[in-house]
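Participant: Next up is a structure, given as structure tokens.
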Amino acid sequence: MFDRPDLGDQAILVSLDFGGADYQESVAECAELVRGSKVEILGMVQGKRQRPDAALFAGKGKVEEIASTVRATGANVVIFNHALSPGQERNLERALQCRVIDRNSLILDIFAQRARSHEGKLQVELAQLSHLSTRLVRGWTHLERQKGGVGLRGPGETQLETDRRLLGIRVKALKDRLAQVQKQRNTQRKSRNRAGVASVSIVGYTNAGKSTLFNALTKANIYAADQLFATLDTTSRKLFLHHQASVVVSDTVGFIRDLPHTLVAAFRATLEETVQANLLLHVVDCANDTRDAQIDEVNKVLAEIEADGIPQLIVWNKSDLRELPPEIERDEDGVIVSVRVSALKGEGLELLREAIAERVQPFANNHKEPYEHVAE
Numbered sequence: 020m021f022d023r024p025d026l027g028d029q030a031i032l033v034s035l036d037f038g039g040a041d042y043q044e045s046v047a048e049c050a051e052l053v054r055g056s057k058v059e060i061l062g063m064v065q066g067k068r069q070r071p072d073a074a075l076f077a078g079k080g081k082v083e084e085i086a087s088t089v090r091a092t093g094a095n096v097v098i099f100n101h102a103l104s105p106g107q108e109r110n111l112e113r114a115l116q117c118r119v120i121d122r123n124s125l126i127l128d129i130f131a132q133r134a135r136s137h138e139g140k141l142q143v144e145l146a147q148l149s150h151l152s153t154r155l156v157r158g159w160t161h162l163e164r165q166k167g168g169v170g171l172r173g174p175g176e177t178q179l180e181t182d183r184r185l186l187g188i189r190v191k192a193l194k195d196r197l198a199q200v201q202k203q204r205n206t207q208r209k210s211r212n213r214a215g216v217a218s219v220s221i222v223g224y225t226n227a228g229k230s231t232l233f234n235a236l237t238k239a240n241i242y243a244a245d246q247l248f249a250t251l252d253t254t255s256r257k258l259f260l261h262h263q264a265s266v267v268v269s270d271t272v273g274f275i276r277d278l279p280h281t282l283v284a285a286f287r288a289t290l291e292e293t294v295q296a297n298l299l300l301h302v303v304d305c306a307n308d309t310r311d312a313q314i315d316e317v318n319k320v321l322a323e324i325e326a327d328g329i330p331q332l333i334v335w336n337k338s339d340l341r342e343l344p345p346e347i348e349r350d351e352d353g354v355i356v357s358v359r360v361s362a363l364k365g366e367g368l369e370l371l372r373e374a375i376a377e378r379v380q381p382f383a384n385n386h387k388e389p390y391e392h393v394a395e
């Protein structure tokens, strides 16, 4: 029987083209995810298919090619740039005789490495357990039922039931603790609303420069790096716009194409800051050729968490890479719809502050108390 191997750090990346328009961008993004998880890429196997194979996802011939590449390179893990079913994952590991993980598991692993706060760690663990729960049913050889007739139930099934029960207990405990965190956030939010403080959330595709912008605006010192999912934990700071106005700005986790639903569900408490915001700063890497597709992916996740109705202000970041000057853009009604900045160089930040102050003014006018009454 094949025992599931430990996760390795030398990988073969497998990415199949099913006819999507953004295939090459998806491959490059997956490679960046793999490197971000501190795994070395020893080789890559690509190919075209009309649809996934039900048993092996890649088909028998392609799996033989992957196995040959694994043997030639000495890789100890195969990473698929796709979501695999539990059965496909199990069948591939038996065929390849090495660990196989899919794109969702890869992202979950990165989140587990990067979470720093207590809340972030709880959310990641909940997402991992939710993902693991789909892998328990006849998932691995040590959990499978032993063969036999009526009355010959093997100890493997008892182990499976035990795993399910323990997992369920842990999931419930995590949900209870996260519910308490959400309750605390709601209390803080109500306090801000009573004081008339507008709430602004920074959203955007991962690596668009959200944390760099947050640091530049608020003089914070949160970690920012040129990598996917550099920061996961939501951080909030007060931003003074002028002598009478201030807002609370929150930096949130970055979005990515096909973000696993278990992560969206687990991070709902954090993303609640986005749902309850008065204005979203949608940060876009204007130097990225796939920026339009990235905007669509962010809006897709915003719709999933029911935040698509919140007013947005597009922040075209990294304008220095395209040698474009800072600029405010208005629509035909005179409303500011976008601001061009370079967060890294600090260019256009004053224009952005002006734009934020103008866009949150309707919210401020709905409160009886002025901004200066807000406690530090």
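Okay, so the sequence shown: first residue is 20 according to our numbering, each after it adds one. Cβ coordinates follow ideal geometry from the N, Cα and C atoms, glycine included.
1) Measuring CB to CB, does lysine 81 end up less than 7 Å from glycine 66?
2) So what's glutamine 65 in DSSP terms, helix, strand or just coil?
3) Rounded C-beta distance between alanine 30 and glutamate 59? I'm assuming under 8 Å.
4) Pair every Cβ in the stretch 253-262 with every Cβ in the stretch 354-361, then say whether three or more of these pairs are closer than 8 Å.
5) Quick one, are the C-beta atoms of valine 96 and glutamate 108 less than 7 Å apart?
6) In this structure, how does DSSP classify leucine 299 when only helix, strand and coil are distinguished?
7) Would you grab the beta carbon distance between alanine 362 and alanine 235 for me? Rounded to a whole angstrom, and I think it's under 8 Å.
8) For alanine 217 versus valine 320, is the C-beta distance shorter than 7 Å?
9) Find out if the Cβ-Cβ distance for the pair aspartate 277, isoleucine 221 is shorter than 7 Å.
10) Run through the DSSP bridge pairs and tell me what glutamine 331 is partnered with.
11) Return the Cβ separation of serine 149 and asparagine 100 in integer angstroms, given the expectation that the two are a contact with Cβ distance under 8 Å.
12) Tell me which residues share the same chain as leucine 75 and place their Cβ nearer than 7 Å to its Cβ, disregarding the 5 neighbours each side in the sequence.
13) Tell me which same chain residues have a C-beta within less than 7 Å of the C-beta of serine 152, skipping the five on either side of it?
14) By the DSSP assignment, the alpha helix (DSSP H) with histidine 101 in it spans what residues?
15) Assign threonine 160 to one of three DSSP states: helix, strand, or coil.
16) Quick one: is leucine 32 buried, meaning 16 or more other Cβ sit within 10 Å of its Cβ, or exposed?
17) Can you give the Cα-Cα distance for glutamate 138 and valine 272, rounded to whole angstroms?
18) Specify the secondary structure class of leucine 260 as computed by DSSP and reduced to three states.
19) Between the alpha carbons of proline 345 and leucine 370, how many angstroms are there, rounded?
20) Roughly how many angstroms separate the alpha carbons of glutamate 366 and alanine 86, rounded to a whole number?
21) Which residue or residues does DSSP assign as beta-bridge partners of aspartate 304?
22) Can you grab the Cα-Cα spacing for the pair aspartate 28 / lysine 57, in whole Å?
23) Exposed or buried, what is alanine 198 when buried is set at 16 or more other beta-carbons lying within 10 Å of its beta-carbon?
24) Using three-state DSSP, classify arginine 118 as helix, strand or coil.
25) Can you grab the Cα-Cα spacing for the pair threonine 206 / tyrosine 42, in whole Å?
Facilitator: Quick answer:
1) yes
2) strand
3) 7 Å
4) no
5) no
6) strand
7) 5 Å
8) no
9) no
10) Leu299
11) Contact doesn't hold; Cβ gap of about 21 Å is too wide.
12) Val82, Gln107, Asn110, Leu111 and Ala114
13) Leu186
14) Looking at the DSSP string, histidine 101 is not in any alpha helix (DSSP H), and its letter there is neither H nor E.
15) Low local confidence applies: a pLDDT of 43 at threonine 160 is under 50, so the model's placement there is unreliable, and no value is given.
16) buried
17) 13 Å
18) strand
19) 8 Å
20) 51 Å
21) Asn336
22) 7 Å
23) exposed
24) strand
25) 44 Å
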